[in-house]
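S.K.:
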Amino acid sequence: MSKLTLDRILQSQGFGTRKGCREMITDGEVAVNGEIVSNFKLAFETTGLELTIFGESWPYREHVYIALNKPANYECSRKPSHHPGVLKLLPEQFNWREVQPVGRLDHDTTGLLLMSDDGAFIHAQSSPKRHVPKVYVAMTAEPVSDELIALLLAGVQLNDEPAPLAAVHCQKLGENELEIVLEQGKYHQVKRMLAAAGNHCAGLRRSEIGGLKLAEMDLPEGEWCYLSEAQMALLLGVK
Numbered sequence: 433m434s435k436l437t438l439d440r441i442l443q444s445q446g447f448g449t450r451k452g453c454r455e456m457i458t459d460g461e462v463a464v465n466g467e468i469v470s471n472f473k474l475a476f477e478t479t480g481l482e483l484t485i486f487g488e489s490w491p492y493r494e495h496v497y498i499a500l501n502k503p504a505n506y507e508c509s510r511k512p513s514h515h516p517g518v519l520k521l522l523p524e525q526f527n528w529r530e531v532q533p534v535g536r537l538d539h540d541t542t543g544l545l546l547m548s549d550d551g552a553f554i555h556a557q558s559s560p561k562r563h564v565p566k567v568y569v570a571m572t573a574e575p576v577s578d579e580l581i582a583l584l585l586a587g588v589q590l591n592d593e594p595a596p597l598a599a600v601h602c603q604k605l606g607e608n609e610l611e612i613v614l615e616q617g618k619y620h621q622v623k624r625m626l627a628a629a630g631n632h633c634a635g636l637r638r639s640e641i642g643g644l645k646l647a648e649m650d651l652p653e654g655e656w657c658y659l660s661e662a663q664m665a666l667l668l669g670v671k
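Dropping the structure here:
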């Protein structure tokens, strides 16, 4: 178990600078396990620590693991250039503690996005060596044909790639809709694969990552939630 002074605890949770955190504490805005604490030098065990800050419950978390149902026209970047960043959809505290997306979705792509401030988790989920399957639903400009499905499963050659890239699974969902499962994470991969196969992506949504299904999360577009222990175990492959 680790002990930290209260000002360091607040800073670790994303409540600003050390000076600002100390002011919050001395102003009586912070309670620890239900009791107001005004001495920022007091140290507490962080395991199971329950904070109340400005009247709102804030359980201590060493790291945060988040699922976001990303809407269109948000960039997966801490320094967006043309559209708002996805951090605009989260509490400001997550920006302070440098939460970042696990991989990226194009600004116009919607759906499941993982976010965290745990570098090891981010690396594990985005490393191509782990072959984490990601499921996408694509709307196509032209009807989905058997030939298109066959090409995507066999592999298509993309510019700047040494070998063809193939879908792990692909099936038709509707006249102009298909589901495609990938284990890589190449730039604009679904869109480029569809173009290389003779079609065009008219809309794209990620529905699943590593067995974690957006449809089972009751998460409206633009909303986020903490990942549960069971969801984390699923992503990390823990039985």
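So this note's numbering is basically just the index in the sequence shown, starting at one, shifted up by 432. All C-beta atoms in this analysis are idealised placements derived from N, C-alpha and C, irrespective of residue type, glycine included. Treat the numbers as computed from the prediction; the structure is a model and nothing was measured.
#1: Round the Cβ separation of Tyr497 and Met664 to the nearest angstrom and send it over; I've been treating them as touching at under 8 Å.
#2: Roughly how many angstroms separate the alpha carbons of Ala586 and Glu607, rounded to a whole number?
#3: Quick check on the burial criterion: 16 or more other C-beta atoms within 10 angstroms. Buried or exposed for Glu524?
#4: For the beta strand (DSSP E) that contains Ser639, what are its first and last residues?
#5: Are there 16 or more other CB atoms within 10 angstroms of the CB of Ile441, so buried, or fewer, so exposed?
#6: So for Pro560, helix, strand or coil by DSSP?
#7: Can you grab the Cα-Cα spacing for the pair Gly635 / Leu519, in whole Å?
#8: Spatial neighbours of Pro516 within its chain, please: CB distance less than 8 Å, with the 5 preceding and 5 following residues excluded, ordered by chain position.
#9: Pick from His563, Glu593 and Ala629: whose alpha carbon is nearest that of Gly643?
#10: Any heavy atom of the ligand GDP closer than 6 Å to the Cβ of Asp439?
#11: Mind checking Arg638: buried by the 16 CB within 10 Å criterion, or exposed?
#12: Does the Cβ-Cβ distance between Leu646 and Leu500 come in under 7 Å?
#13: Report the CB separation of Ser558 from His495 in whole angstroms; it is logged as a contact under 8 Å.
#14: Exposed or buried, what is Gln589 when buried is set at 16 or more other beta-carbons lying within 10 Å of its beta-carbon?
#15: Output the distance between the C-alpha atoms of Leu481 and Arg493, rounded to the nearest integer angstrom.
#16: What residue from Pro652, Glu574 and Tyr568 has the CA that sits closest to Val600's CA?
M.R.: According to the data block:
#1: Position 65 of the sequence shown, counting from 1, holds the residue named residue 497. Position 232 of the sequence shown, counting from 1, holds the residue named residue 664. The pair is a contact, with the Cβ atoms about 6 Å apart (cut-off 8 Å).
#2: Reading the sequence shown from its first residue, position 154 is the one you call residue 586. Reading the sequence shown from its first residue, position 175 is the one you call residue 607. Near 21 Å, if we compare the C-alpha coordinates of Glu607 and Ala586.
#3: Your numbering for residue 524 matches position 92 in the sequence shown. By the 10 Å Cβ count, Glu524 comes out exposed.
#4: As a position in the sequence shown, residue 639 is number 207, starting the count at 1. Per DSSP, Ser639 belongs to the beta strand (DSSP E) from Cys633 to Ile641.
#5: As a working mapping, residue 441 is identified with position 9 in the sequence shown. By the 10 Å Cβ count, Ile441 comes out buried.
#6: Translated into the one-based positions of the sequence shown, residue 560 becomes position 128. In the structure shown, Pro560 sits in a helix (DSSP, three-state: H, G or I).
#7: Position 203 of the sequence shown holds residue 635. Position 87 of the sequence shown holds residue 519. Distance between the alpha carbons of Gly635 and Leu519 is about 23 Å.
#8: By 1-based counting over the sequence shown, the position of residue 516 is 84. The answer, listed in chain order, is Asn505, Tyr506 and Glu507.
#9: Walking along the sequence shown from the start, residue 643 turns up at place 211. It is His563 whose Cα lies nearest to the Cα of Gly643.
#10: No copy of the ligand GDP occurs in the structure displayed, which carries no ligand at all.
#11: Mapped onto the sequence shown, residue 638 falls at position 206. So Arg638 counts as buried.
#12: Within the sequence shown, the letter at position 214 stands for residue 646. Within the sequence shown, the letter at position 68 stands for residue 500. Taking 7 Å as the Cβ cut-off, Leu646 and Leu500 do not qualify as a contacting pair.
#13: Taking the first residue of the sequence shown as position 1, residue 558 is located at position 126. Taking the first residue of the sequence shown as position 1, residue 495 is located at position 63. The pair is not a contact, with the Cβ atoms about 16 Å apart (cut-off 8 Å).
#14: Your numbering for residue 589 matches position 157 in the sequence shown. The residue in question, Gln589, is exposed, as its Cβ has fewer than 16 Cβ neighbours within 10 Å.
#15: Position 49 of the sequence shown, counted from the start, is the residue given in the question as residue 481. Position 61 of the sequence shown, counted from the start, is the residue given in the question as residue 493. For Leu481 and Arg493, the distance between alpha carbons rounds to 9 Å.
#16: Start at 1 with the first residue of the sequence shown, and residue 600 comes out as number 168. For the residues Pro652, Glu574 and Tyr568, the minimum Cα distance to Val600 belongs to Tyr568.
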